[in-house]
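Input: a single structure, listed below in structure tokens.
Residue numbers (the working numbering): -2 to 181.
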């Protein structure tokens, strides 16, 4: 069985959410980050940088939430075309390399938010998900960033109404409810 390693309030939630969406059985190993469990030799064999999340799937040890999402999409979502996979990879990279820094780096946030959120809002006005009409790893990656920003930074999306409608669609799904809503 696939094993997911995470810590309290960590990006492991992103991977856990996608595993729930896919219906893939997994064991969750919560590491005590306060006591340094993620810096112990046993865990460093999985991720030498001592960060979470990471997974172990058979002989595969994989870390970085984006890489894990792409791997899970490749392995478990057999309906994807090669073009879908490329677009999903594009969105996962966008979430981690562009959207996350654009929202979370205070020095550039004011400039970057409109550049990032306006085109995203326009896209989400036309379609319910990032890659067509169904949820994919792209939505988990981008949706997570969009959900974390208000929680952690108090950002709102009042100027981009399709974005809160989108994140609401995501968290109302059974897996989204389980991960994002208290008592879900």
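Beta carbons: idealized from backbone N, C-alpha and C, even for Gly.
Legend entry - Nearest neighbour of residue 94, chosen from 82, 81, 109, 45 [CA to CA]: Indexing the chain shown from 1 puts residue 94 at position 97. Answer by Cα proximity: 109.
Inset, instruction - Could you tell me whether the segment 26 to 39 touches the segment 67 to 79, using the rule of 3 or more Cβ pairs below 8 Å? - result: no
Inset, instruction - Pick helix, strand or coil for residue 23, following the three-state DSSP scheme. - result: The sequence position of residue 23 within the chain shown is 26, counting from 1. Reduced to three states, the DSSP call for residue 23 is strand.
Inset, instruction - Could you give the DSSP three-state label for residue 135: helix, strand or coil? - result: Here residue 135 is taken as the residue at index 138 of the chain shown, counted from 1. It is helical.
Inset, instruction - Could you tell me the distance, in whole angstroms, from the CA atom of residue 151 to the CA atom of residue 135? - result: Counting from 1 along the chain shown, the entry for residue 151 is found at position 154. Counting from 1 along the chain shown, the entry for residue 135 is found at position 138. Rounded to whole angstroms, residue 151 to residue 135 spans 23 Å at the Cα level.
Legend entry - the ligand HEM heavy atom lying under 8 Å from the CB of residue 8: For the structure depicted, the ligand HEM is absent and the ligand set is empty, with no information on it obtainable.
Inset, instruction - Using only alpha-carbon positions, find the residue among 115, 43, 41 that is nearest to residue 158. - result: Taking the first residue of the chain shown as 1, we reach residue 158 at position 161. Per the Cα distances, 115.
Legend entry - C-beta contact flag for residue 7 and residue 50 at 9 Å: Locating residue 7 in the chain shown gives position 10, counting from the first residue. Locating residue 50 in the chain shown gives position 53, counting from the first residue. A contact, by the Cβ cut-off of 9 Å.
Inset, instruction - Inspect the CB distances between the segment 78 to 92 and the segment 32 to 43 and report whether three or more fall short of 8 Å. - result: no
Legend entry - Coarse secondary structure for residue 168, derived from DSSP in three states: Stepping through the chain shown from its first residue, residue 168 is reached at position 171. DSSP places residue 168 in helix when its eight states are reduced to three.
Legend entry - Coil, strand or helix - residue 152 by DSSP: Here residue 152 refers to the residue found at position 155 when the chain shown is read from its first residue. The answer is coil: DSSP assigns residue 152 none of H, G, I, E or B.
Legend entry - CA-to-CA distance, residue 52 to residue 173, given in whole angstroms: Here residue 173 is taken as the residue at index 176 of the chain shown, counted from 1. Here residue 52 is taken as the residue at index 55 of the chain shown, counted from 1. Residue 173 and residue 52: Cα-Cα distance of roughly 20 Å.
Inset, instruction - Using DSSP bridges, identify the partner residues of residue 0. - result: Numbered from 1 along the chain shown, position 3 holds the residue referred to as residue 0. Beta-bridge pairing links residue 0 to 24, 53.
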